[in-house]
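One structure is given here, and the rest of the page talks about it.
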Amino acid sequence: MTPPMISFCVTCLLWGAMIHLTTPKRPSTLRFVPVNVGEEVTLECFHQKDSLAMMFFWYKQTLGHKPELVSTYYKYERNGIFNDDLKTNPRFQLETSRGKNHLKISNVQMSDSATYYCISCYLYKCEYLEDIIIQVESSGLNLQALVEQSASETIQPGDAVTLSCTVHTGTCDEEHSVYWFKDEEESHPGLIYTHGGRNDRCERKPNTQTQTCVYNLPLKSLNLTDVGTYYCAVASCGRILFGNGTKLDFEEEAGSLVLVYVLSGALGFNTILAVLLAYKAYAMDKTKSCKCAETSSAASAPNAEVNEDSLHYAALRQNKVNRSRRIKDDNMIECVYSSVRQ
């Protein structure tokens, strides 16, 4: 194998690995589209014409299942391609051109209830352009999901809480599945638990067709990662309904707040004290310097006022014997000057 071929293969492997490791960025909004059975709906997906993205996809995800590919559209092709299961289905159509990739569904059926994703990709980087939930409704069905709990629940770290979801099935006797979703501020709701297709927690009201089912979600040893809004979703008779949600948040302990206030006050006091001490030390040092300067000036002032006429000079001659063998001059004259103040 030649070096260029080896380089090409390695590049392909790296791109493939990066595609699997890269998480697409989700859109900031989630659209909800209600539609009746037999109607027509168009899921719009716009993109910038000068975008680097080359491939555009539609995915369909029913509740509790993995996303399934619906269609693929190449930017420089005229028409998109549907997945094998939908190629022969006339109810699905693509409206594609520079700047848009719309999915049109006619004669909507209950099975079309799902979340649809429009995704754009360039090399290994993919991005969610649209998240759209289609809720297909049909007359004669009466299904209602309620979360019988306060809108918010305050707890403390390490506590346990049980969230309750009450389902009123109405005239729908089919088995239903209950799902719990957690919604955080930085991401869309994520599935955390499912009760499956069991109706053993249901009780039928006397002389009515309505069933009341209660599902609980116990949460133990809670910490900061459990903060968020929890939603109960019910899937039955081709419909998906969500509860109002329960917000879970931690209670601020009074002791912690008092400690924060005390520490803040102590910090402020120490800061002020440090500033005052620094100023005091500076003032004392400055005062000491001034006193030293005054003393030095006072000591040098009398000498400075002596008149030159009052100075007398006297020369003293002294014979000094130098016992060194190397004598250049036996006599040395030393002059001593003294000042006499009259």
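Numbered according to mature numbering (1 follows the signal peptide of the UniProt record, and there is no 0), the sequence shown spans residues -24 to -1, 1 to 318. Each residue gets a CB set at the ideal place from its N, CA and C atoms; glycine is no exception.
Hey, how far is the Cα of residue i from the Cα of residue j?
{"i": "D225", "j": "Y100", "result": "38 Å"}
{"i": "N248", "j": "P133", "result": "First, the amino acid is wrong: residue 248 is Ile here, not Asn. Each residue's Cα considered, the two are about 36 Å apart."}
{"i": "R7", "j": "D107", "result": "6 Å"}
{"i": "L79", "j": "R67", "result": "10 Å"}
{"i": "D61", "j": "Y49", "result": "16 Å"}
{"i": "Y98", "j": "L28", "result": "6 Å"}
{"i": "S153", "j": "V210", "result": "6 Å"}
{"i": "K42", "j": "T91", "result": "11 Å"}
{"i": "N246", "j": "T263", "result": "26 Å"}
{"i": "F22", "j": "C189", "result": "42 Å"}
{"i": "Y255", "j": "E103", "result": "60 Å"}
{"i": "G231", "j": "G221", "result": "With a pLDDT of 49 at G231, under the threshold of 50, the modelled position of this residue cannot be trusted, and the question is left open."}
{"i": "T(-3)", "j": "F33", "result": "Low confidence applies to T(-3): its pLDDT is 44, below 50, so where it sits in the model is not reliable enough to give any reading."}
{"i": "V9", "j": "N55", "result": "25 Å"}
{"i": "L39", "j": "L217", "result": "11 Å"}
{"i": "K158", "j": "A257", "result": "60 Å"}
{"i": "P208", "j": "L105", "result": "Before going on, a small fix: residue 208 reads as Cys here, not Pro. Those two C-alpha atoms are separated by around 26 Å."}
{"i": "L193", "j": "G241", "result": "43 Å"}
{"i": "N59", "j": "R74", "result": "21 Å"}
{"i": "L235", "j": "L253", "result": "27 Å"}
{"i": "N65", "j": "I57", "result": "12 Å"}
{"i": "D261", "j": "A250", "result": "17 Å"}
{"i": "G244", "j": "V238", "result": "10 Å"}
{"i": "D202", "j": "A259", "result": "57 Å"}
{"i": "K51", "j": "Y93", "result": "18 Å"}
{"i": "T72", "j": "C178", "result": "47 Å"}
{"i": "V123", "j": "S197", "result": "Bear in mind that the predicted position of V123 carries a pLDDT of just 48, short of 50, making it unreliable; the figure below should be weighed with that in mind. Approximately 22 Å, taken between the alpha carbons."}
Which residues bound the beta strand (DSSP E) around residue i?
{"i": "R7", "result": "7 to 12"}
{"i": "C94", "result": "90 to 98"}
{"i": "M86", "result": "Note, M86: premise wrong, no beta strand (DSSP E); not H, not E."}
{"i": "P66", "result": "Per DSSP, P66 belongs to no beta strand (DSSP E) and is neither H nor E."}
{"i": "E106", "result": "101 to 113"}
{"i": "Q24", "result": "Where Q24 is concerned, there is no enclosing beta strand (DSSP E), given that its DSSP letter is neither H nor E."}
{"i": "D60", "result": "Where D60 is concerned, there is no enclosing beta strand (DSSP E), given that its DSSP letter is neither H nor E."}
{"i": "L28", "result": "Run containing L28: none; DSSP gives neither H nor E here."}
{"i": "D159", "result": "153 to 159"}
{"i": "H144", "result": "137 to 144"}
{"i": "E44", "result": "44 to 50"}
{"i": "T18", "result": "17 to 19"}
Going by alpha carbons, who is nearest to residue i out of the options?
{"i": "K36", "options": "I109, L200, T72", "result": "I109"}
{"i": "E53", "options": "M31, G40, P66", "result": "M31"}
{"i": "Y191", "options": "V112, A259, T142", "result": "T142"}
{"i": "Y206", "options": "K256, S140, I216, K196", "result": "S140"}
{"i": "K25", "options": "K76, T38, A257", "result": "K76"}
{"i": "V13", "options": "S82, G56, N59, G40", "result": "S82"}
{"i": "K63", "options": "T72, K158, L45", "result": "L45"}
{"i": "G204", "options": "S212, W156, R74, S114", "result": "W156"}
{"i": "G219", "options": "S73, N59, H144, A136", "result": "H144"}
{"i": "S89", "options": "L19, L105, V137", "result": "L19"}
{"i": "V137", "options": "R74, F58, L195", "result": "L195"}
{"i": "D135", "options": "F58, L200, K51", "result": "L200"}
{"i": "S212", "options": "M260, Q187, L198", "result": "Q187"}
{"i": "S114", "options": "V11, T72, Y93, V238", "result": "V11"}
Assuming residue i contacts residue j (C-beta within less than 8 Å), just tell me the rounded distance between them.
{"i": "I131", "j": "E227", "result": "6 Å"}
{"i": "E16", "j": "V84", "result": "7 Å"}
{"i": "E160", "j": "K223", "result": "The pair is not a contact, with the Cβ atoms about 11 Å apart (cut-off 8 Å)."}
{"i": "S47", "j": "L70", "result": "6 Å"}
Would you say the beta carbon of residue i is closer than 7 Å to some non-hydrogen atom of the ligand MG?
{"i": "S73", "result": "Within the structure as shown, the ligand MG is missing, as the structure has no ligands at all."}
Please report whether the beta-carbon of residue i lies at a distance below 8 Å from any beta-carbon of chain B.
{"i": "N199", "result": "In the displayed structure, chain B is absent; only one protein chain is listed."}
* What are the complete beta strand (DSSP E) segments, minimum 3 residues, inside the region 189 to 261? -> Correct list: 204 to 212, 215 to 218, 222 to 226.
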